[in-house]
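Asker:
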Amino acid sequence: MDALTAATATAAAVTQLGSHFMVAGATYQRGAALGFGGLDFYVTGRGGVLGDVDSDVVCAAFLFFEPTGLRAMWDQGRAVMPPAQAAGEFATCCHHWAEEHVPDGLDVARLGDLAGKVITEARPAGAALFAGWRALAVPADPKARAVHQMNALRELRGGLHNATVIAAGLSPLQALSLKSPGMAPLFGWTELAEVDGLAATWDRAEANTNRAIAHAYEGLDETERTEFAELAGALQTATAG
Numbered sequence: 004m005d006a007l008t009a010a011t012a013t014a015a016a017v018t019q020l021g022s023h024f025m026v027a028g029a030t031y032q033r034g035a036a037l038g039f040g041g042l043d044f045y046v047t048g049r050g051g052v053l054g055d056v057d058s059d060v061v062c063a064a065f066l067f068f069e070p071t072g073l074r075a076m077w078d079q080g081r082a083v084m085p086p087a088q089a090a091g092e093f094a095t096c097c098h099h100w101a102e103e104h105v106p107d108g109l110d111v112a113r114l115g116d117l118a119g120k121v122i123t124e125a126r127p128a129g130a131a132l133f134a135g136w137r138a139l140a141v142p143a144d145p146k147a148r149a150v151h152q153m154n155a156l157r158e159l160r161g162g163l164h165n166a167t168v169i170a171a172g173l174s175p176l177q178a179l180s181l182k183s184p185g186m187a188p189l190f191g192w193t194e195l196a197e198v199d200g201l202a203a204t205w206d207r208a209e210a211n212t213n214r215a216i217a218h219a220y221e222g223l224d225e226t227e228r229t230e231f232a233e234l235a236g237a238l239q240t241a242t243a244g
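Sequential numbering of the sequence shown, starting at 4, is according to the numbering used here.
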C-alpha cells in the first residue's frame, strides 16, 4: 500500500475516532464540573492548544464554525480557566473515553506505535491544532494512547482539509452544507448555503486532502501502512455507534 492509498483508506477512521470523546456526555459533565456552560468547553479545550490567543485565531483554526458565536464561546471559556489548562482537561476526557470505550482484544498498542510514526513524519504547516495537540503529553495507557494519537491525525487532516476547501473556492458554510448539513446549527449557523452544482468541487477538495496528508504516511513502509489501515479500521468499527 502506497502513502496516498493509505491516506485515503484511513480517512474515515482518522476523522471519526477522535470525534467520539468530543460529543460524549461525560466530556460535558466534566466541563460543567469545571465551570463551563456547554460547548464553550469544546471550544476552549480543543482550541486551548493554540495558547491564550485572540478569538480570531481560533476562528481561523475552527474553519466551519460561525465566527461571531465562536468568538463568544472562546471568550466565555477563557474566563473559566486559561486555555492551556482547558486543553489538558479536554485531553484527559479523550483518555478517559478511550479507557472506557475501547474494547479489549484489539492491538491498540501497535496502532499507537504506527500512528506515532505518522505523526512524527507529518509536517505541521497549515495545521495549527495538530501542532498544538502533538505537543501535549502522550498517555501511557495503550487505549488512551491510541485514541490520543488518532486525534492528533484528525487535527492534521482537519487543518489540511481547511486549506483544500479554501483553495477549491468553497466558503466554510458551503462546504458544511454539502458534507454535514445536520451539523450547521451546532456550529452556529441559522441556515444552509446554496450548494447546487458544488458537489464535485467538494469531492476535489476531499481528494486533495488525501494528497496533502499522504506525506505523513511516508513514515511507514508498505507493510506498516496496510497494518495501520487494518488496525484503525478495526478500532473504528469497534467503537462505532
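For every residue, glycine included, the Cβ atom is placed at its ideal position computed from N, Cα and C.
Predicted model, so just to flag it, every value in this text is computed and none were measured.
1) Taking the alpha carbon of residue 4 as the reference point, which residue from 241, 221 and 237 has its own alpha carbon closest?
2) For residue 177, is the classification buried or exposed, using 16 other Cβ atoms within 10 angstroms of its Cβ as the cut-off for buried?
3) Would you mind stating whether residue 217 and residue 20 have Cβ atoms separated by less than 7 Å?
4) Touching or not, the region 58-75 and the region 34-50, by the rule of three or more beta carbon pairs under 8 Å?
5) Which runs of the beta strand (DSSP E) at least 3 residues long sit entirely within the region 57-120? Give them in chain order.
6) If you run the structure through DSSP and keep just helix, strand and coil, what is residue 188?
7) Taking the Cβ atom as the reference point for each residue, do residue 134 and residue 127 lie within a distance shorter than 7 Å?
8) For residue 145, does the count of other Cβ atoms within 10 angstroms reach 16, so buried, or fall short, so exposed?
9) With DSSP as the reference, label residue 194 as helix, strand or coil.
10) Excluding five sequence neighbours on each side, which residues of the same chain lie with their C-beta closer than 6 Å to the C-beta of residue 168?
11) Go through its chain and collect everything with a Cβ distance to residue 98's Cβ below 8 Å, but skip five positions before and after it.
12) How would you call residue 183, buried or exposed, if buried means at least 16 neighbouring beta carbons within 10 angstroms?
13) My understanding is that residue 130 touches residue 163, with C-beta atoms under 8 Å, so please give their C-beta distance in whole angstroms.
14) Check residue 175 in the structure and name its three-state DSSP category.
15) Answer yes or no: do residue 47 and residue 94 have a C-beta to C-beta separation smaller than 7 Å?
16) Note down the Cα distance separating residue 234 from residue 117, rounded to an integer number of angstroms.
Answerer: Answer, in terms of the structure:
1) That would be 221, whose Cα lies nearest to the Cα of residue 4.
2) It is buried - the Cβ of residue 177 has at least 16 other Cβ atoms within 10 Å.
3) No, Cβ-Cβ distance for residue 217 and residue 20 is not below 7 Å.
4) Enough Cβ pairs lie closer than 8 Å, so yes.
5) DSSP runs (the beta strand (DSSP E)) wholly in the region 57-120: none.
6) Three-state DSSP puts residue 188 in coil, outside helix and strand.
7) Cβ distance < 7 Å, so residue 134 and residue 127 count as in contact.
8) Flag for residue 145 reads buried.
9) Assignment of residue 194 by DSSP, reduced to helix, strand and coil, places it in the coil class.
10) Non-local beta-carbon contacts of residue 168 in its own chain, meaning distances under 6 Å to residues more than five positions away in sequence, involve 178 and 208 in chain order.
11) Apart from the 5 residues on each side of it in sequence, residue 98 sits with its Cβ closer than 8 Å to the Cβ of 142, 144, 147, 150 and 151 in its chain, given in chain order.
12) Residue 183 comes out exposed.
13) Confirmed, about 6 Å.
14) In the displayed model, residue 175 falls within a helix according to three-state DSSP.
15) No. Outside cutoff.
16) So the alpha carbons of these two residues sit roughly 10 Å apart.
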